[in-house]
Amino acid sequence: MSKIIALANQKGGVGKTTTAVNLGIGLARQGKKVLLVDADAQGNLTDSLGWNEPDKLPVTLATIMTKIIMDEPVEPGEGILHHAEGVDLMPANIELSAMEVSLVNTMSRENRAAKLS
Numbered sequence: 028m029s030k031i032i033a034l035a036n037q038k039g040g041v042g043k044t045t046t047a048v049n050l051g052i053g054l055a056r057q058g059k060k061v062l063l064v065d066a067d068a069q070g071n072l073t074d075s076l077g078w079n080e081p082d083k084l085p086v087t088l089a090t091i092m093t094k095i096i097m098d099e100p101v102e103p104g105e106g107i108l109h110h111a112e113g114v115d116l117m118p119a120n121i122e123l124s125a126m127e128v129s130l131v132n133t134m135s136r137e138n139r140a141a142k143l144s
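Each residue of the sequence shown is one higher than the one before, starting from 28 at the first, in the numbering used here.
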């Protein structure tokens with residue numbers, strides 16, 4: 028059985044990224060499969076895990092979300108990066124900030140992220 032843990036807060040600087048990294052790696056060390064999803068257009072989680080130039084990554088959360096909106100197929104595992112500490116990452120970059128504009132005219136936009144699973 029899988030569990031989803033979401034860390035969210037509108038305020039910056041409250042430790043969301045730090046908590047996600049440490050909790051994710053801690054769970055991975057206990058033998059759990061962990062997928063961290065960076066849903067921040069600044070890509071701080073992606074950067075924290077060592078991908079220091081997220082704008083140069085070929086596939087990110089924005090890429091996958093665009094494919095879903097356009098009803099294009101998404102391959103299992105597409106865009107997921109594997110970290111040496113045992114966690115997987117769906118990275119983000121500045122392209123994610125444009126997704127809000129794309130989603131404005133999308134039917135059932137509140138359910139689009141559910142298609143990622």
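Don't be surprised by glycine CBs; every beta carbon is placed ideally from N, CA and C.
_Within 10 Å of its beta-carbon, does residue 119 have 16 or more other beta-carbons around it, so buried, or fewer, so exposed?_
With 16 or more other Cβ atoms within 10 Å, it is buried.
*Report yes if the CB atom of residue 61 is closer than 9 Å to the CB atom of residue 51, and no otherwise.*
Contact: yes.
*Classify residue 28 as helix, strand or coil using the three-state DSSP reduction.*
The answer is coil: DSSP assigns residue 28 none of H, G, I, E or B.
*Determine the burial state of residue 97: buried for a count of at least 16 other Cβ atoms within 10 Å of its Cβ, exposed for fewer.*
Classification of residue 97: exposed, given that the 10 Å Cβ count is below 16.
_Please identify the residue among 69, 38, 32 and 33 whose C-alpha is closest to the C-alpha of residue 122._
Out of 69, 38, 32 and 33, 69 has the C-alpha closest to the C-alpha of residue 122.
*Should the segment 109 to 118 be regarded as contacting the segment 38 to 57, the criterion being three or more beta carbon pairs within less than 8 Å?*
At 8 Å Cβ cutoff, the stretches touch.
_Cβ-based burial, residue 64 [other Cβ within 10 Å; buried from 16]_ = By the neighbour-count rule (16 or more Cβ atoms within 10 Å), residue 64 is buried.
*Unbroken stretches of the beta strand (DSSP E), 3 residues or longer, contained in the segment 56 to 89*: Segments of the beta strand (DSSP E) lying fully in the segment 56 to 89: 61 to 64.
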